[in-house]
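Participant: Handing you this structure, nothing more for now.
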Amino acid sequence: MSRLEAESKLKKEDIVNLAGRQRMLTQRIAKYYIAYQAGFHDHNTVDQLNTAVKEFEQAQAALIKAKRNTPQIKAELEKVKKLWHVVAKFYKDVERGGLPVIVLATTDNIMATMD
15 MSRLEAESKL KKEDIVNLAG RQRMLTQRIA KYYIAYQAGF HDHNTVDQLN TAVKEFEQAQ
75 AALIKAKRNT PQIKAELEKV KKLWHVVAKF YKDVERGGLP VIVLATTDNI MATMD
């Protein structure tokens, strides 16, 4: 069982680290999205973006299920969930294109919320 699958056993330090990793992943996701939209249409860019998106979603699920969440943390995670719903479709279908300004603004909001 992976660390993310054992969310009920996450310690406070693990939760803080996971939230920090979420901030890093949002930056990584945005970087690969921008790179692709700027013309870097290589397979590696898409693979790295897809990997980061998958890691973000797995970690987010673990954070949502963490038993140590306070009502405030639950509210913040719900906010991230709603923001993610807006941009995830663009990330997952990067080859189709999208609205980079909205995607980047929403990603910035996610990163700030995870702080």
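The numbering used here numbers the first residue of the sequence shown as 15 and each following residue consecutively.
Just so it is clear, CB atoms sit at the ideal spot from N, CA and C, and this is done for glycine as well.
So, do the segment 109–129 and the segment 36–55 have three or more beta carbon pairs nearer to each other than 8 Å?
Facilitator: They touch, by the three-pair rule.
Participant: Helix, strand or coil for D56, going by three-state DSSP, please let me know.
Facilitator: Three-state result, D56: coil.
Participant: With a cut-off of 8 Å, do at least 3 Cβ pairs link the segment 39–48 to the segment 56–68?
Facilitator: Judged by Cβ distances under 8 Å, the segment 39–48 makes contact with the segment 56–68, as three or more pairs qualify.
Participant: If we ignore side chains and look at the alpha-carbon of each, how far apart do A33 and N83 end up?
Facilitator: Taking the straight line from one Cα to the other gives about 12 Å.
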